[in-house]
Structure formats: C-alpha cells, structure tokens
C-alpha cells in the first residue's frame, strides 16, 4: 500500500510520448530523457520464446551512457525489467512490457533552457508543431528514447537467431575521416566489442579513440558511419513495391536520432560503376543459387536473396557542444549559448546497438509477414 | 455492350499487384510492365480541389519512355484518364482512380526468360518468395509501376502549391563521376526541363548526354544521383520518434526501383564535420526564426523547421544491359545471357519526377496528419 | 490499339471510391451502381491456391439482381473476371484484381435526383460531408458495391475450406414477423438454395415469398434477419481486447448497407437468462474439450473455442419505395417524392451471400494473423 | 534512488497485454486484473486541451468496483494519475499516459484455478491460442482492463464537448425483463446518476436493484441492455463503405467484455416495420435539414446526419457465479467447480461509462479523420 504511494510520486513524469513501429512485431517506446523511467511495449511477439532479463541487459549495456571514457559520463545502470508478457521465463504471446529506471536525471537548472532554442535540437520544431512544449530536458528527442528500441531489438535478435541462425553485426565504420577495414563475411560481435570505439579494425579504433578525446577536450563533437551486416537471412523477406526490405530498413535507421543518411549494398558509390560492373551474376553453389558479387547488398526487387544484407548509416556530429554558439529564444531574441553538463562527444560507439536493433525489428516483422501469407497453405 | 466484351478481352492481364503507401493520403498502385494498363487509386484526398488530366499529364510526360534520345525507345503516349473521384473538375473526397493504357507492350518472345534469373533483377527473389511467378515481363518490379506514383504525386504537388505555395524541384545531380553545380535556393522546374538530361547545370548536362550515348553504344548502363529541394515547407510537419519526416521521406524514395541510397541535409558528408561546424545556428530574420546554415536539410528532431528540405537519392546503373552476362536458370543450370530489346541506359532523367512525386506524397500525408491533430481545436 | 480507345470511353465513370478492410487479407472495393464496372483488389492472399472464375461466379450469382421474381428486376449477368494475381489457375501471392461489368445501368433521367435528398439514403450525408457529390445514382452507397466483397469472400471461403474444412452457412432467419426454424448443426448451402427466399424452413420460406410479393404490389418494402453458422472453426482465432473475434465480425457485418443490428451467440435474448443458465459448461468429448451449450456462440474472451460460431444480422426495410414520401431538396425546399424504377422489395435473400462473405473475410484475416504470430516458432 | 528500488518491486507484474484502438485518436490499454496497476496510452490527442485528473476521476468513479451495494465488493480507489502528455494542465500533443494502481488484488489462492477452465471465461481459449497462459487471475480478459478505456473516453468526451457541445448519455435500459422508459431527447447524466442502478426510470431502477440483490443471494447473476444517446453530433462524421460510423461503433462496443449484441436506431425491431414506416422523412427546420423520425439512429450511409445517435448494447449475465458448475481441467478431467470471492452479480450499472467511453473514442477519432481530409482546404 505504501509502495503504491511511493509509486505515484516517483512516476510523476514517466511514460512520455510513445509511438509505434512495425506491422506484426509492433514496438511502442515511451519515456524521456529526464523522466523517471523509459521503456517499450512489444505487441505481436510469438509465444513460447525463452527470454531473460540477461538477454536484454547485454544489449542495453552496449547502449548505456557512462560505459567508457569516450561516452557521456551520465551514470545509468540501465537495468531492464520485463514487467509483462512473459511467464516462467517464456513469452506469452501477449505484449511484453520492459522498463528501465532513470537514476541520474540530474535536477540541474533547466530554467535556463526554458525559452531557448538550442541549435540543431528539436526545441524549436516541437514548439512550433504543438504550440506547447515541456522544456525540462530533451524529452522524446533524446537518444535515451532508444532504450526501448534496443530492448525490443534484443528479443528480435534472439528469435531470428533461434529460427534462422541470423547474425546481425554492426560496427563503427568511420569517425570523421578515419575509416576502418572490415571483412563483412567474418566480423563478429566479439571483434566489435574488443574496444570501446566498437570498431573491429584495432589500428583505426585506437586512432578514433584518440580523436574523440581530443575533440572533447576542445568542447566539440564528431560524427561518423555505422556499417552493419546480416548473415544467414533467408531469401524471400520483403515485399514488392512500397514495403521493399531496403525501404523499411531505411525508414527504421533514419528514425534514429542524428541519422542523416542510409545506404544498402553499393549505395552512393555504386553510382560510379557501369551496369556490367555492378550487376551481381548468379551461380550455382552446390545446389544453392548465389551471386558472385553483392552490390545489391542482399536485396533484389525489395526482397532478400540470401546473400549478406549490408547497409550503412551516417550520424551527424552530436548537437550538444560546449563551445559558444549563437541562437534565439522563443521570443526571437538573439543570444549566445554554451552547452553545459554531460554529453557524448561522438554517438557512434553507442549507435551500433541502436542500428542493430532497428534492423532486427524490421527483419522479424518481415519474417512474420512472410510467414502469415506464404507459409499458410502447406 | 460490345464495348464490354472488348473490355474483358483487353483487360486480361491488367491490374497487377497493388500495394499501399501513406496514412491519410493513401495511394495504391496497380498494373505491370507488359499488361494492358497501369494506374493508381488515391484515398483520402481533400474534396473541392480543381484537378484536370493536364495537371497529371505534365508530370507523366516527364516520366514517360521514349521522351528523348537518351531514354528507352519504348513508345508510350502514357495518357492519363481520371476515372473516378472527381466531378465537374473537382475532387469529391472519395477515391481518385487514374488509369494509363500500355500501348507498346511488345509481345516479344518471353519464353526465353521463362526459366531464367536475370542478374540484379527480381526474378529469383519473386520466385523464392511466392513459389510461383508470372515470368511474362518484369511485372511489378518494372519502373512502369511508378506511373501511378507520379500521377498521385502530381495531385499532391497541386494541393501543396495551393495550400502552402510549396515548390518541389528535383534534378539530376550526378551521373557516374559528372557532378552538377546547382543553387537550391533558385533552381526552377524550367531550369531542369531545359535539357533532356534534366540537369540544370548546362555544361555538365551536355557531358552527361554524351556519356549516356557512349555507354549505350557499348551495351552498358550508368547510375547517378537525384537531388531535390522543397521550398516553402511550413515548419511543423513530421512526427517525433518513428515517423520522423526524414524517415518517411527515406522510405518513400528507397522504395523506388534501383534506389540504393538516401541522404537528407549534410548526409554522409556531414560525418566529416565537427559539431561546431555542422550545427545550424538560429537567428531572427525580421520576426521569422531561421537558421544561418542548413546542414539539417530543413528537418530537426524529425520535424520540418521552415528551411528548404534538401535530399539526395542514389540510383544504381540499370540492371538490363546488352553485354553478355553469366547467370542461372530456375533449375540451377549456369548459362550465358545477353539483354535484348529496349531499355534505359541511365534511369536518372526519368527518375526525377518519380523522386519528386514520392516526396510530394509524404509531405501531403504529413500535412493532413498535422492538420488532423494540431488544427482541430481553435 | 483500337481496343484501347474503346477502353478509355467505356471506363469513363469506372472505379469509384474504394476503401479497404482487413489487416493481412486486405480487400479494397471500387466501382458504383451506375458506372461501367465494379470490383475488388485483394492484397495478402496466400500463393498457390487454385482459384477459378467459377468459384467466384457461384457466389456472385447468389448475390446478383434479377435472380428471381422477388428481387429487383435490374438485369445483370455479373460475370467475374480475375484480371490479376493468378497465373495458370493459381494465386501468385500478389494482389488479385476482380472486375464485373455493369450491363444494365439504365441511363434514366437522374436529373430529377440531382437536388433531392431521398429519405433514409446517403444523399444528404455525402453532400454535407464533402460539400460536393456525384448525384448520378446511389454511387458507393448502393448495394452494388458489395460485389467486390462477395468475390473476395468466395476466395476466402475456398481457402478456409481447404485449410480447415470450415463451412459457412447463412440463411434468412426472418422477414418481418415470419421466423424460420433452422438446425445450425446440420443446415447446408443446398438447404438454403432450395428456394428463392434463401430460407431453409420451406413452410416459412413460402410465406416469406408471398409476403414479399404482396408488399411489392403495395409499393412498399420489408426487412428481416440473416442468421449464419460457421462450423469447424479451429479454436484460437481472434485477439484479446479490441480485436475480439465478435468485434471484428460485428464491424464487418454492420458495414453492409442497411444493416442496423448484430448479435453473436445468445445476443439480446441472452440478457433474459440467469448466469447459471447462460454459462456454457465444458466437458470432455473423447479427448476434445467441448461445451454442452453454446450461448457464447463459439467465441469466449474474443477467441474462437471450436464450437459453432453463430451470429445474426438485422437488415432494415429497403429505403427505396414506390409510395409517395415527403423530403427536401439541397436548398431546403420541402417536396413530395415517389421512387421509380427497379428495386428490391426485400434485400434479405440477396444479403445472405454478403454476410457470409464478410464473415469469411474476417475469419481468413484472423487465421493469417494467428498463423503469423503463433505458428512461427516450431 | 530508494524510490527506484521500490518501483522495481511493486511493478513486478504490471503492464500486461496492451492492444490499440483508433486511427488518429489511438488508445493502447495495459495492465491486468491482479497486477499492480492498469492504464492507457493515448496517442494523437490534440494539443492545448485543458485536462485535469478530476476530469478523468469522475468517469472512473462511475466505473469502479465497490461503488455501491449491487456491485462487486472489491475495494479499489481507482485514482487516476496523468503521467505524461500534459504540461501545466494542458495536453502537449504527445502521448498521454494514465495509470491507476490496483490496491485490492487479493493474493487469494489462485492455485485452485491453475489447471481449471472456468465456464464462459477466457481460460480455455487463451491456453489453446498461445499454448501458454498466466493463470494467476483473469488477466486481460477482466473488466478491469476497461479502466484505460474509460480514462481515454473521459478526455475524448471533454474534447467533443468543447469543440461541438456533444452530450453522450448512456444508461441501463433493461436488466433481465425489467425495461425502463427513457426520453432520449432529454435524459441527462444527472438523471442517470440519481440511483445506483444507473437507470433514469426510477420505478424500474428500484425493481432492478431488488432483483440484483435477490439474484446475488442465490449465487447467480444477471444480464441486460445499455442504451446510449449522443446529442449535437455534427453531420458528416463517418466514412462510406467499411468504416461506416455504425460499423466502428459496433466494433468498439462489441469489444467490451460480456457484450454479445449491438443495435443502432431501430435495430432488430426495425425488421418488423415496412419501408414506408421506417424511412425517416426530411424536413426543413428553420434552415436546418432534419428528419421527422429517427429510425436511422442518426446515421445514414455510414455518416452522421445531425440527429441523435442512438444505440444499444447487450451484456450477458456475469460468467462468475457462486453456484456449482461442471467443467474440465486442462488435462480434460471433468470436475465440479463453484465460484468464490467478489464479483458483480450484474455488470450493467458499471458498463454504462464503458459504453459511453468507447462511443466517445469512436466519435473523436472520426472527427479528427474528417478534419484531416475535409477541413484542409479553405
């Protein structure tokens, strides 16, 4: 009973602005940067899957702040609790609700942000869209919203692994002009997790780490590219026309905060090739139809062809910086402004599990859609 | 009566594989490359809009084959007929159905393609997805499917112009390594339409035309980049979290045939900048809040900020080429194969109205969504 | 080529106002009472199903006008053509487009209806909703719109029969105060089709036929109730909370023209019973869990329980009557008005296949939804 | 910090099985009968609406258990907390999250229910659908799930009142064979709230109360009918074809627990009338087009016509009774079973706000849809 009273108090700014993604594996995230908790509700998950808090925690730890010296120093344990949808360790087929407490939502003086539009943040656009805004923190535009995505992605990954043996491996391909060399056929999660830059090319990784430290010292920030490979995706996932697999992957990845570009297969560099160079010729690999090259990135006509799905996502430099900038207030007054407090000098290392999760959610959604229609009649 | 009988005969392979795009301005395209007609149904269009066949025809002519010496020589008049949803020249609020007859679907010998998987086409993936396929032409995977999108986009553009004075101008930014210089603040449709390459930089345009002719002679094909600017977009369009404006634009554009990459604002090149260089500082422009730079591409936090929306789409080289290639049949037999017949050596000039149309459809959809929620209470 | 020109002419008012129903088996109907054709597009149908025109024609003949002396005398052959989505007699997995020509859309003088709001029709509400209306016939509000539903329902029935051996049998339970006695365990389509009233209780059927003839002579119309049983529905179809099976069945049936009421199981009469009378006790029927009674109508907690699904739909008397009525014009002028021309004195016999079709569409949709989620992991 | 720890403990079985209803005003309910809390997330609410806890509490108090001597004696204060989506008393346009603590989820011995299928409950169907079930209480099938609906309905009512002055008044029309006489033009919420039966016909109300007490004493339960009137609904709400207003109202109401029947306007009794009696003639009421009668129940062609919307919902007798019944276990063993504990002998008085809420949610959803499309162009 007294617990209830405490609940009412501690929940007072919880559960902000959910939206929904997916057609059959539907996720709705809720919660904001400076509320008490964030989380996700997953509707449509198949029943009977073994899911534990540990499955989810592994991925959340890859995303969490304060995980290393090159991320924001906000201290969050980001402990996941599965609050519904499982029973005795298995999914029930009913919605799974996962919650994570915000421990370190410092009650610093947000009054200074009340009337201010921070450059390249969502303060201005939220205000003009709704005519009203909760100015106490970045709210739903914060990367903290992605906790729910990563938790939902952890479950999606587990089902994809169990059903198809799919591996989804993302990594930092580049930070500013530092670009890694990575073999998409062999790179593993362990390779990625061997350093705090989350870049499997150890030489470049070290340079990235140095660069991030240097830029942070200058009160500035960096951007970069996440690359991702999915291996063992069965052929046949994706729909013709509007719900092409690359279109849904693109939307999923571009909905992440700070993402400004997306490529699949040869992407923009493929525009420099001739058709005769770009076409992926088919051959017979001991009974399996394969392609000799993979400029298609594993998707043809919007449908997976069984080759590795390979994609890239561009993340702009973090908007929050310490350096002084010019901006305006909500009454149009021009002022100078300098960021304070904790922030990521470079979101790339933490973006890796975010991209992986969105990709996993798209793949499980299309796998369920494919199953509904094409595995119905024997 | 006799007309009916003829109808039944001439429609025999018509209306293939529609799918739907949009939440409130919903389009469903139907029809295929070698059927008798293609078209679109638009549900949710506001009533009372003046729409004529000419509005639609202007855009379809920009998309149609045989329009110039550098496109496929397939001859199609692509005449649009508005078959429902308008009355005395105005929209009724009920679904608009637009149909275009296929005149030049040559009954060439498709039997040679029956068992063949053309490299970098959708033959193999359709077969493995559904276990059955209509092999008589490219079907829904053909760019001819986009007629419906362009027709629906023409109406969307007209409403956006009438309501907000929005200009949407796309153009060929690059073909292979030939890259145009274009001022996004001033470029007009007339600038774009001044040459058959649909590139407003006339010097580069001429080089592009020469390059396309040369590559066609060699039986090969080219790719490139379409860039697009939307001017006068009101601030406030787009939704936080999953339906960010750039995410929906990305999905829309990536669902076009042959599109392999998408960028908004600074895109991939923005990853080379520092945060202090990339951030768009706000200023007060005689009472309007504006940004000094536009690395955000007109979208912040997923919502339009009133600046120009600027995006890029990468199109791979056309899959159909004359040169001999290796491939396999549906029984796994390895064979040599050379394309015959008419095809585009470079899709870029015809891709311009396709990209514009998908962007217009996303903008009108988000404008209606915004209107539903945020213009409801006075 | 000349065929194309004729097509453009004869299609001129075709394809009106489609809307969509269903989540995975999605149908979009188009066409109107006095256009040239009506039809449906079905998206999401499983591939590899044997479908013929005859499968669809059998159901359309049960729906068509002029089928007997107690229906409207409008003469329509209602011949179905499958125009896409099948290949060599099997479904492709891509959208199925079915079209039916309107042969007998008499060009009578609709000018008299131009400014008139017919009582209990949709003239007034369409006008006030959209501010504009095509007054040339009942348009989308006509029961002719249901051709597409019946065609889509015919395919749904075929799949349900092949996969689960489900029988869906509807019949006229009552017309005015004439109520039939029917055994839901044994009634067959043949029992229903044995007379033109589509009522399996032959004594009551004859009285119904006499009553309809008498009322028609008086220039008036009748309403009644369709009852329907589904046998062999597997347990497990339906979703908790909002998409309960009875809720989706109710929406489907209530969306039919003239339907004003819906019941499942005991319905309104169940409100007269005590809980101890109404509860359906479970028992073990040689290893199958069954209920002794079936007041639940085969659905518990929104999910099918394996017993027969039994429901009722109330249809009001036809709005179009010959008798003089008072009404107003669109300028508010009060006038007297008498219907002319052909109409159904009682829609009930023709409503039977409409109700069956909507039920079949809901069941196949829920079967696919169930398959997607609950038959994914072995 | 310590608050967080308590949160983790007290939330342990919270947030079960949400689903979603509505297209633009979307509600997702969560929580279950014997968890720690229940609630709702509302997405798409217009911004700037004044909303207080009191607005919601008024409606929740009408729904809550233990409110009178004829409801279940489960003691719940059902205190609503708005946890997100409002700021300084106004809606933000972002999702509104409302939570209600379960205080009286008695930890009685549910082990006795573990293997048991209660007659006319969802135990069996949940088990067979998912192959796994949380047997600790009725879960999502409990009427406690409707708290979220009533909270979301309270906000919908407030917006409808502010924007259109719409009144939505529901009441108990009948319990078993006791039927009230009510004037739909004048009945008010105060009339309804004057007695614990929530029946505005005081003579019948007293008989209802006596009947409920008597039946409870016998360990049995009762059903009945809720009637509802909406006054001042603007003409034009609802969509042609599948999303007819009566179809969406029907689905909304039939998705409530224990609802087995739905009628609009004349409903089933309209099937006994002649067309000439049933048709609602139009007349000119000082410039407003009105109908003399209202057998249509305020809806014609699926669209509101400005007359009162009148509908009825049939609720079966409560499934939980004290009397002994036969049933089976999940292994098929036949046993005798008698209900224990607190339950409603008749759900009707508490069903009134549930029906009102679902109706309000459908109306606001259709009002937003109408606004999106038909109030876009001036």
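Residue numbers (my numbering), protein chains in the order written: chain L, 916 to 1293; chain W, 916 to 1293; chain F, 916 to 1293; chain U, 916 to 1293. Glycine included, every Cβ here is placed at the ideal spot set by N, Cα and C.
Asked                                                                                                                              : Found
Contact with chain U by residue 916/F, beta-carbon distance below 7 Å                                                              : At residue 916/F the pLDDT is 22, less than 50, meaning the model places this residue with poor confidence; the figure from the coordinates comes in the next sentence. No, residue 916/F lies away from the interface with chain U (no Cβ there is under 7 Å from its Cβ).
Interfacial residues, the segment 1066-1080 of chain L to chain W, with Cβ spacing under 7 Å                                       : none
Which listed residue (1007/L, 1065/L and 971/L) has its alpha carbon closest to that of residue 964/L                              : 1007/L
At least 3 beta-carbon pairs within less than 8 Å: the segment 1114-1122 of chain F vs the segment 1180-1191 of chain F            : no
Beta-carbon proximity of residue 1262/W to residue 1226/W, cut-off 7 Å                                                             : no
Through-space distance from residue 1150/W to residue 1294/W, alpha-carbon basis                                                   : Absent from the model: residue 1294/W. The displayed extent of chain W is 916 to 1293, so no value can be given.
Sequence ranges, beta strand (DSSP E) only - wholly within the segment 1086-1160 of chain F, length at least 3                     : 1139-1146
Min CB distance residue 1201/L to chain W below 7 Å                                                                                : no
Against chain W: residues of the segment 1221-1244 of chain L by CB proximity under 7 Å                                            : 1229, 1230, 1231, 1232, 1233, 1234, 1236, 1238, 1240, 1241, 1242 and 1243
Touching by the beta-carbon criterion (3+ pairs, under 8 Å), the segment 1094-1104 of chain L and the segment 1233-1246 of chain L : no
C-beta neighbour in chain L for residue 1194/U, strict 7 Å                                                                         : no
Residue-chain proximity (residue 1118/L, chain U), Cβ-Cβ < 7 Å                                                                     : no
Span separating the alpha-carbon of residue 1017/W from that of residue 978/W                                                      : 14 Å
Buried versus exposed call for residue 1259/W [16 or more other C-beta atoms within 10 Å across all chains shown]                  : buried
Within-7 Å CB hit, residue 1142/U to chain F                                                                                       : no
For residue 1026/U and residue 925/U, the rounded distance between their alpha carbons                                             : The pLDDT assigned to residue 925/U is 25, lower than 50, so where the model puts this residue is not dependable; a value taken from the coordinates is nonetheless given after this. Each residue's Cα considered, the two are about 22 Å apart.
Any chain W beta carbon closer than 7 Å to residue 1286/F                                                                          : no
Whole-angstrom distance between residue 1168/U and residue 1193/U, CA atom to CA atom                                              : 25 Å
Contact set for residue 919/U: own chain, Cβ-Cβ below 8 Å, skip 5 residues either direction                                        : Reliability of the predicted coordinates at residue 919/U is poor, the pLDDT of 24 falling under 50, and the value obtained from them is presented with this limitation in mind. Cβ neighbours of residue 919/U beyond the five flanking positions: none.
Length at least 4, wholly inside the segment 1211-1250 of chain L: the alpha helix (DSSP H) runs in chain order                    : none
Contacts of residue 1008/F in chain L (Cβ-Cβ under 9 Å)                                                                            : 1288 and 1289
Stretch pair the segment 1132-1143 of chain W + the segment 1269-1286 of chain L: three plus CB contacts closer than 8 Å           : no
Candidates 1246/U, 953/U and 1197/U, of which the one nearest residue 1222/U by Cα                                                 : 1197/U
Pairwise C-alpha distance: residue 1265/F and residue 1231/F                                                                       : 14 Å
Bounding residues of the alpha helix (DSSP H) (the contiguous stretch that carries residue 1267/U)                                 : 1263-1289
Three-state class that DSSP yields for residue 1166/F in the structure shown                                                       : helix
Check: residue 1279/W C-beta below 6 Å from any heavy atom of the ligand ADP                                                       : Annotation note on the ligand ADP: not contained in the displayed structure, which lists no ligands.
Local Cβ density within 10 Å of residue 1105/U, reported as buried at 16 or more and exposed below that                            : exposed
Cβ neighbours of residue 1209/L in the same chain (closer than 8 Å, five flanking residues each side left out)                     : 1180, 1195, 1222, 1223 and 1225
Spatially closest choice to residue 1170/W from 1276/W, 1071/W and 1109/W, by CA coordinates                                       : 1276/W
Per-residue DSSP class, three states only, for residue 1051/W                                                                      : coil
Nearest to residue 1145/U (by Cα), restricted to the options 1128/U, 1212/U and 1107/U                                             : 1212/U
Bridge partner(s) assigned by DSSP for residue 976/W                                                                               : Residue 976/W is not bridged to any residue.
Residue 955/W and residue 942/W closer than 7 Å at C-beta                                                                          : yes
Residues of its chain near residue 1004/F, where Cβ-Cβ distance is below 8 Å and the 5 sequence neighbours each way are ignored    : 965, 966 and 967
Cβ of residue 1055/U within 7 Å of any chain F Cβ                                                                                  : yes
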